[in-house]
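For the sequence shown, the numbering used here begins at 98 and goes up steadily by one.
Built from N, CA and C at the ideal position, the CB exists for glycine as well.
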Amino acid sequence: MNKQEQVMLEFRQLFTKMAWLNRIKMEDQLRDHKPSEVHCIEYIGKHPDCNVTRLAENFYMTRSAISKMTKKLMEKGLIESYQKPDNKKEIYFKLTEKGKEIEHIHERLHREFQERDAAVFEHITDEQYDSMLAFIHNYSQHLDQYIQPVNRDEAQG
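Shown next as structure tokens:
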């Protein structure tokens with residue numbers, strides 16, 4: 098196995114472990130909500146004037162899939178839609194009080210996970226962080242080159 102394969106394998110194993118450990122508490126405390134719904138709630142809570150297009154771009158999902166998810170979230174009373182007085186065409190989303198409760202639970206769980214993992218990060222130097230962040234940024238930009246044509250094809254299809 099070369100180093101590139103080893104890095105990719107280690108990333109997958111790391112994220113699988115994190116997802117498995119985090120899932121236990123997430124499912125217990127957010128049991129009535131799918132992970133994609135919780136992340137959608139989180140995104141809407143952190144980004145004012147969020148619409149279907151913006152959500153689709155962020156989650157790399159079709160607008161149709163996002164429309165279905167936001168409809169479910171509205172039916173559950175977690176988000177509500179609104180329009181701006183100067184733009185009656187566009188529909189935006191915001192959290193309801195019930196949605197804000199889910200967002201707070203999710204944030205609290207993330208803080209717990211950060212505290213659990215703090216021992217690993219306290220020994221990382223700034224140079225190591227910079228190196229890791231540069232790699233992630235470069236790899237993400239590389240993947241963006243492949244995502245953009247796929248998004249254009251979906252929009253035309």
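Pairing LEU192 with ILE141 gives a Cβ-Cβ distance under 8 Å. The Cβ neighbour count for PHE190, taken over all protein chains shown within 10 Å, is at least 16; the residue is labelled buried.
For ILE202, the enclosing alpha helix (DSSP H) begins and ends at 194-218.
TYR157: not part of any beta strand (DSSP E); DSSP gives it neither H nor E. Judged by their CB atoms, GLU139 and HIS203 are nearer to each other than the 8 Å cut-off. Secondary structure of ASN119 (DSSP, three-state): helix. Cβ-Cβ distances below 7 Å link LEU206 to LYS122, MET123 and GLN126 in the same chain, with the five nearest sequence neighbours on each side left out; the list follows chain order. Straight-line measurement puts the Cα of MET166 at about 14 Å from the Cα of GLU154.
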